[in-house]
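Protein chains in written order, with the numbering used here: chain A, 64 to 401; chain B, 64 to 401; chain C, 64 to 401; chain D, 64 to 401.
Heads up, the beta-carbon is just placed ideally off N, CA and C, and yes, glycines get one too.
There are 4 protein chains.
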Amino acid sequence: MIIVMKPGSTDADIEEVSRRVRAFGFKTHLSRGEVRTIVGVVGDDRGKEQLLALQSLECVESVVRILQPFKLASREAHPEDTQFQVHGVPVGGKQIVVMAGPCSVESREQLMEVATKAKAAGATFLRGGAFKPRTSPYAFQGLEEEGLKLLADARKATGLPVVTEVMQPDKVDVVAEYADMLQIGARNVQNFSLLKRVAESGKPVLLKRGMSTTIQEWLLSAEYLLAGGNPRVILCERGIRTFETATRFTLDLNAVPVIKKLSHLPVIVDPSHGTGHWEYVAAMARAGLAAGADGLMIEVHNKPEEALSDGPQSLKPDRFKKLMDELRPLAQILGRIL
Amino acid sequence: MIIVMKPGSTDADIEEVSRRVRAFGFKTHLSRGEVRTIVGVVGDDRGKEQLLALQSLECVESVVRILQPFKLASREAHPEDTQFQVHGVPVGGKQIVVMAGPCSVESREQLMEVATKAKAAGATFLRGGAFKPRTSPYAFQGLEEEGLKLLADARKATGLPVVTEVMQPDKVDVVAEYADMLQIGARNVQNFSLLKRVAESGKPVLLKRGMSTTIQEWLLSAEYLLAGGNPRVILCERGIRTFETATRFTLDLNAVPVIKKLSHLPVIVDPSHGTGHWEYVAAMARAGLAAGADGLMIEVHNKPEEALSDGPQSLKPDRFKKLMDELRPLAQILGRIL
Amino acid sequence: MIIVMKPGSTDADIEEVSRRVRAFGFKTHLSRGEVRTIVGVVGDDRGKEQLLALQSLECVESVVRILQPFKLASREAHPEDTQFQVHGVPVGGKQIVVMAGPCSVESREQLMEVATKAKAAGATFLRGGAFKPRTSPYAFQGLEEEGLKLLADARKATGLPVVTEVMQPDKVDVVAEYADMLQIGARNVQNFSLLKRVAESGKPVLLKRGMSTTIQEWLLSAEYLLAGGNPRVILCERGIRTFETATRFTLDLNAVPVIKKLSHLPVIVDPSHGTGHWEYVAAMARAGLAAGADGLMIEVHNKPEEALSDGPQSLKPDRFKKLMDELRPLAQILGRIL
Amino acid sequence: MIIVMKPGSTDADIEEVSRRVRAFGFKTHLSRGEVRTIVGVVGDDRGKEQLLALQSLECVESVVRILQPFKLASREAHPEDTQFQVHGVPVGGKQIVVMAGPCSVESREQLMEVATKAKAAGATFLRGGAFKPRTSPYAFQGLEEEGLKLLADARKATGLPVVTEVMQPDKVDVVAEYADMLQIGARNVQNFSLLKRVAESGKPVLLKRGMSTTIQEWLLSAEYLLAGGNPRVILCERGIRTFETATRFTLDLNAVPVIKKLSHLPVIVDPSHGTGHWEYVAAMARAGLAAGADGLMIEVHNKPEEALSDGPQSLKPDRFKKLMDELRPLAQILGRIL
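Right, dumping it as structure tokens:
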């Protein structure tokens with residue numbers, strides 16, 4: 064970090080600021096310009112958060128962060144790509160991961176039909192929500208534990224590992240009992256109590272980006288998981304909130320190369336939530352892979368027009384199959400396997 | 064809601080859509096334009112969420128919501144302003160509420176000094192965080208239950224009711240034991256598990272707006288509380304995320320008159336988080352009252368430059384007193400009491 | 064459009080609104096719900112803009128637009144993809160267009176080196192700014208007419224058609240004298256005086272999206288060109304402004320499939336401005352093609368570290384060549400030619 | 064500016080960067096941290112724009128701007144508030160400026176009625192558009208020169224100075240002939256050709272903020288005017304584009320105290336465009352003054368429901384009078400005159 068002094072700061076001001084910096088255990092380095100003096104702070108940026116408080120001194124103009132504030136999630140600390148397996152499925156290497164399934168688990172028939180067809184089309188994970196975060200209290204809230212059991216049954220039938228969302232710390236155990244991978248949803252990306260508890264579970268984690276989370280904040284949320292002892296984390300870009308209303312969110316594919324530069328964690332893309340319209344899912348799935356994503360999360364429903372949630376953005380199984388067939392040669396061109 | 068059919072839709076398409084709408088228990092009303100046919104859906108909008116799924120039909124161009132999807136939070140359902148008392152302090156009437164105190168409870172000395180001076184300056188609630196949601200895992204995470212005890216002691220010393228944040232469902236009981244009002248923070252505004260549990264607690268609730276929450280979504284989160292049987296809710300605007308970086312967030316004062324039109328719930332403004340800089344707090348506090356807010360939440364710290372969180376946006380006690388003295392004649396002009 | 068009446072509206076209110084709608088030459092269609100009455104407006108949406116004023120009546124809750132307000136730019140009016148040629152280069156068909164060159168024309172040596180190498184690598188247009196819109200008045204403002212002459216010379220040397228920006232109506236003639244295609248920059252997308260004048264020029268137009276222009280507004284700006292008698296328009300997505308600061312703008316690739324659905328106009332993608340960092344250009348160029356774009360605009364500079372503008376986002380000629388070599392098989396997979 | 068070197072940079076890298084900085088005429092100052100070396104650039108920030116290009120060197124991680132890039136518009140260069148007169152009306156001092164009138168000049172009857180009533184209610188400027196920037200080519204485009212003549216007649220009748228928009232450089236002379244103050248609209252805030260031409264005109268300028276213009280960019284646009292020799296500039300906040308759709312734009316009142324800190328230029332607020340709904344105008348006008356604005360711009364129309372533009376956000380004359388009566392005691396409390 065660097066501390067920019069106001070013009071007109073006295074030597075006493077500069078010494079006072081330097082003294083405070085040193086009191087936090089950092090070294091300082093002075094740089095006197097024509098108009099401004101800058102106090103550089105030397106040391107690990109992880110502990111420097113508190114220096115921001117110095118902005119409240121009258122003689123300080125601003126405190127500017129120079130380094131990224133995350134460490135374990137950074138590529139600097141861990142230059143190699145993170146790779147791991149979930150229920151035998153490799154993640155983060157050449158193999159493209161495809162997580163497919165309905166937004167909500169609604170019934171045994173629905174789930175089995177979708178899971179079987181998704182598997183046949185080439186999906187490598189089954190997704191499906193049992194606990195559902197719904198904007199309206201009057202909307203379907205999920206089958207809860209009954210839904211988890213159906214997911215476990217579908218895994219048995221298809222062999223696909225299951226990823227499903229957990230919404231509160233005291234449900235982590237029950238979700239972890241049935242699921243192979245815990246999803247932290249967009250609305251909970253900064254639910255730090257949940258992050259800490261999920262880190263402890265030791266289960267692989269799918270961490271969605273929040274709709275107004277910067278990439279830096281997102282990696283700090285991942286840092287909660289890594290610092291909590293859980294290195295098996297996949298990031299999932301799912302659209303951010305912007306002024307544009309032609310799509311439900313704005314899928315931010317720029318995040319893919321940015322994450323690849325800043326971090327070693329695998330990153331996948333969710334074009335279903337990102338666009339909110341099934342007609343745009345195929346184009347953005349292709350674009351996600353081309354941007355360098357390690358996988359995709361795609362909503363598939365046997366009867367989207369009757370779906371209890373997210374019908375407008377769900378693909379029918381045959382459209383999903385067609386998309387997978389298109390993606391295979393694309394993955395090959397990109398040096399990946401699908 | 065209305066369902067806009069694609070141009071070229073056949074009578075069979077229109078009948079199919081109408082049949083599906085009726086199957087959900089709604090009546091339909093057809094309107095044939097020159098190019099488009101519109102299927103109007105007649106009935107309570109609260110149950111219509113699921114009709115959005117009809118967008119996935121090939122013959123449907125779009126499904127457009129006409130009415131607000133919240134009910135108990137709406138002014139239509141409840142034309143009179145909501146008013147209630149917290150520990151003897153009236154909320155939502157002519158009296159302006161001022162919640163002041165440090166971002167984090169850091170020590171007995173810090174809290175007592177701030178609480179005493181805030182009270183003397185005219186604050187009507189004491190704020191202070193014991194459980195802190197921090198972006199970085201390496202930042203101070205709060206004194207937790209020890210902080211709650213200090214808050215209770217400060218209430219005893221000053222008589223000020225205490226508002227403090229609760230971050231997870233299984234901590235609601237312990238926070239409710241010490242606090243007079245439970246705060247749901249910006250990052251948890253769509254933590255629906257927490258909303259449900261806080262509703263059950265019966266404690267008054269301060270519901271902050273999320274940094275990318277639309278006013279409609281915010282009122283739906285309030286609806287979770289009201290539908291859960293808890294009518295004592297205050298909304299708190301605290302800044303949204305935009306492209307502008309001169310301020311930490313963009314305090315959206317437009318939300319105040321919008322909320323006053325759409326809802327009967329009291330709304331207060333937090334210029335400390337909204338701007339992120341103590342130098343802008345006074346101007347935006349004045350503007351908040353002038354926009355029609357029922358109160359303010361302001362961070363006050365005895366030594367902002369040593370604060371463990373949010374130092375740059377905290378006022379010193381003497382600046383807070385000066386602000387309160389400026390606000391009093393302003394409140395009077397606006398027909399309010401401070 | 065539909066006009067939603069407030070609850071409690073009387074028959075007289077409804078008749079008054081209907082009368083006003085009919086006075087504008089439209090037919091009305093009433094739909095009475097349980098709580099709200101809706102006045103549907105039947106007729107061409109292009110003339111309905113003015114009906115928005117009815118929102119100022121006390122009895123009207125809102126006026127909701129149902130159809131897109133553009134006509135000539137819509138796929139409904141023109142189902143086939145628009146295709147045309149510029150200086151013999153086909154646009155909008157199977158052939159991928161690649162516009163490459165420096166942000167600013169700086170000197171003959173610079174431009175000739177870049178143009179020659181871009182051509183050798185497979186570029187199909189030469190881009191380069193002679194009139195430069197610069198945020199700061201102290202930044203390099205372009206070589207102006209001298210730059211135009213250099214562009215014309217580079218065209219003669221390479222055969223590449225030239226696209227360059229025009230910033231004001233009274234310069235359209237001079238720019239049109241040298242250029243094959245006129246570019247309207249992001250900051251001028253709603254400079255309607257300029258749009259009208261460029262439409263009259265009859266020259267093909269590259270219309271960049273503004274940094275906060277919705278897709279609907281962008282297509283309305285294109286409508287100015289089409290309605291002005293100029294059908295040869297290419298749209299160029301170049302990034303929108305969001306809260307994310309890791310990239311200079313947020314390249315919105317979702318716009319590509321949305322434009323393909325709503326309009327018949329060709330659309331290309333500019334990953335240089337969209338990301339602002341050369342390291343992200345290749346990933347987003349690939350993603351742009353995969354999303355369905357008809358081409359790319361890429362900044363190439365022989366010495367980016369000495370560039371007078373946009374150095375950080377410019378590729379060196381050898382990196383540009385490498386990217387083109389990667390894009391060729393990708394284009395083939397997508398059924399395109401490069 | 065400071066240049067952050069990548070970890071692992073060699074002494075040769077650092078010397079190479081330093082050499083390039085010195086070649087631009089700046090001095091350097093090295094600061095070696097534990098992980099990163101920082102090259103500080105000493106000298107006037109106005110010329111440093113081009114150093115951003117050094118980001119394209121492989122050894123450079125980032126180039127960070129420390130100082131504001133504008134000079135003449137800064138409070139540092141000009142500590143006293145700018146004050147001036149327009150047609151005898153003082154701007155920028157204690158006196159609150161109120162610019163009122165219709166969005167578009169539509170007819171002599173309309174303009175005269177509105178102007179007379181606005182004057183009677185206490186307005187100090189007459190606003191009204193003769194050249195109208197309209198999103199749709201099918202919307203009313205203004206009366207053009209005929210509108211300017213009506214504005215001049217209204218000034219003669221009421222004594223109110225006239226502010227009206229100019230949209231293109233070659234119309235500056237004709238608009239300046241009739242108007243007392245030239246308005247640069249939100250869509251033209253970065254129309255640099257127009258800024259340069261308006262600077263030359265010598266007329267006072269009202270510079271609206273663009274809908275996605277940062278405060279820094281806005282002040283750089285003002286810098287174009289000041290550097291062009293025209294010191295009489297008023298800034299006008301009129302709402303920025305965000306994700307919120309309950310208001311037409313998000314009026315960013317935070318900009319008022321930020322501008323007051325960074326600049327000496329007067330700043331006014333336009334709650335009509337900022338909110339887009341007449342029902343919110345009064346609240347946000349009050350809030351604007353309380354935030355410290357030097358004035359207001361408010362749309363007033365005798366028949367908003369028949370307005371050819373912006374009807375939904377226009378106040379009727381009697382509502383405007385009521386608002387002015389409310390604002391007077393508020394201005395007094397704030398130490399201003401209205």
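Between residue 399 of chain A and residue 89 of chain C, the alpha-carbon positions lie close to 57 Å from each other. Our two residues, residue 155 of chain A and residue 328 of chain A, have alpha carbons roughly 8 Å apart in a direct line.
Taking C-beta separations shorter than 8 Å and ignoring five residues to either side along the sequence, the partners of residue 387 of chain D in its chain run 161, 184, 185, 186 and 401, following chain order. By the Cβ neighbour-count rule, residue 318 of chain D is buried, with 16 or more other Cβ atoms within 10 Å of its own. For residue 367 of chain B, the chain A residues whose C-beta falls within less than 8 Å of its own C-beta are 116 and 119, listed in chain order. Contact with chain A is absent for residue 77 of chain C, since none of that chain's Cβ atoms lies less than 7 Å from the residue's Cβ. Under a criterion of Cβ atoms nearer than 8 Å, no residue of chain A is adjacent to residue 302 of chain B; the nearest Cβ is some 11 Å distant. Contacts with chain D at 7 Å (Cβ-Cβ) do not include residue 343 of chain C. In the DSSP annotation of this structure, the continuous segment of the beta strand (DSSP E) that includes residue 92 of chain B starts and ends at 90-95. Excluding its 5 nearest sequence neighbours in each direction, residue 176 of chain A has C-beta neighbours in its own chain below 8 Å: 365 and 380, listed in chain order.
In this structure residue 310 of chain D is not in contact with residue 351 of chain D, their Cβ atoms being roughly 14 Å apart against a cut-off of 8 Å.
Between the alpha carbons of residue 144 of chain B and residue 122 of chain C lies a gap of roughly 22 Å. When the five nearest sequence neighbours on each side are left out, the beta carbons in the same chain lying within less than 6 Å of the beta carbon of residue 243 of chain C are those of 149, 150, 224 and 225, in order along the chain. Proximity of residue 306 of chain A to chain D, defined by a Cβ-Cβ separation below 7 Å, is satisfied. Burial state of residue 265 of chain B is exposed, judged by a 10 Å Cβ sphere holding fewer than 16 other Cβ atoms. In the three-state reduction of the DSSP assignment, residue 164 of chain C falls in the strand class, which pools E and B.
Within chain A, the residues placing a beta-carbon under 8 Å from that of residue 101 of chain D are 65, 103 and 129, ordered along the chain. Listed as beta-bridge partners of residue 362 of chain A by DSSP are A/164. For residue 398 of chain D, no alpha helix (DSSP H) run applies, since DSSP gives it neither H nor E. Note on residue 307 of chain B: 16 or more other CB atoms within 10 angstroms of its CB, so buried under the neighbour-count rule. Put simply, the backbone Cα of residue 305 of chain D is about 32 Å away from that of residue 190 of chain C. Against residue 355 of chain C, the close residues of chain A are 346, in the order they occur along the chain (beta-carbon pairs closer than 7 Å). In the pairwise beta carbon analysis, the region 251-263 of chain C is classified as touching the region 189-208 of chain D: at least three pairs are separated by under 8 Å. With a beta-carbon spacing of about 6 Å, residue 320 of chain C and residue 354 of chain C fall inside the 8 Å limit used to define contacts.
Residue 367 of chain C places its beta carbon 7 Å or farther from that of residue 348 of chain C. The beta-carbon of residue 340 of chain D is placed no less than 7 Å from the nearest beta-carbon of chain A. Distance from the CA atom of residue 153 of chain D to the CA atom of residue 378 of chain D, rounded to whole angstroms, is 25 Å. In the structure shown, the three-state DSSP call for residue 153 of chain A is strand.
For residue 147 of chain D, the closest alpha carbon among the candidates D/343, D/271, D/267 and D/165 is that of D/267.
Under the three-state reduction of DSSP output, residue 278 of chain A falls in the helix class. The criterion of a C-beta distance shorter than 7 Å is satisfied by residue 211 of chain C and residue 193 of chain C.
In the three-state reduction of the DSSP assignment, residue 69 of chain D falls in the coil class. Residue 118 of chain B sits buried, since 16 or more C-beta atoms from the chains shown fall within 10 Å of its C-beta. In the displayed model, residue 148 of chain D falls within a strand according to three-state DSSP.
Residue 310 of chain B sits in coil when the DSSP states are folded into three classes, being neither helix nor strand.
For residue 283 of chain D against residue 137 of chain D, the beta-carbon gap comes to about 11 Å, at or over 8 Å, which does not count as contact.
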